[in-house]
Structure formats: structure tokens, C-alpha cells
């Protein structure tokens, strides 16, 4: 069992964007490798944009980081 098992094609997840939250929000996973590790690239999209992100930037809803945790990570 991987810590990224929640990242599957078609799932809607929360993206914690590294742009101080400007693009953060709900995104659908468009393409993800079958086996995901830290340096995998995940293609996500919303109604307005798409992005290639690392799995560490994605969270199931209800598990997002607080602003303090996000700042400390930065």
C-alpha cells in the first residue's frame, strides 16, 4: 500500500499549488502512472486550467495543509 493510493485517474483531489495558493483547489486527475513515487508527474485539470504536478502537492479532500504548515514547508 502506497501513501499515494488515493491518486487515480478520474479522482477529484485538492491541489496545493506552490504559487501561494493562487491556483489551489479542486482538480481532476487526467493521467497518473500505475505506480506512483515521489518524483512521478501527475497531469491534473480543472474547468479553467491544467497542470503537471508532483504527488506530494495533491490531497484527498479534508486533508489539506493549514496555511502555517504550507508556510513552514515553503
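In this note's numbering, the protein residues as written are 13 to 86. Don't be surprised by glycine CBs; every beta carbon is placed ideally from N, CA and C. Only a predicted model underlies this, so the values are computations on that prediction, with no experimental measurement involved.
Rounded straight-line distance, which links the Cα of residue j to that of residue i
i, j, result
"residue 70", "residue 28", "6 Å"
"residue 85", "residue 52", "Unreliable placement is indicated for residue 85, whose pLDDT of 49 sits below 50; no coordinate value is reported for it."
"residue 58", "residue 38", "7 Å"
Residues of its chain near residue i, where Cβ-Cβ distance is below 7 Å and the 5 sequence neighbours each way are ignored
i, result
"residue 65", "27, 54, 56"
"residue 73", "26"
Nonlocal neighbours in the same chain, by C-beta distance under 8 Å from residue i, ignoring five residues either side
i, result
"residue 19", "25, 41, 44, 48, 54, 67, 70"
"residue 61", "35"
"residue 22", "40, 41"
Which of helix, strand or coil DSSP assigns to residue i
i, result
"residue 64", "strand"
Identity of the residue in the options nearest residue i by Cα
i, options, result
"residue 30", "50, 63, 21", "63"
"residue 17", "46, 33, 37", "46"
"residue 14", "33, 50, 32", "50"
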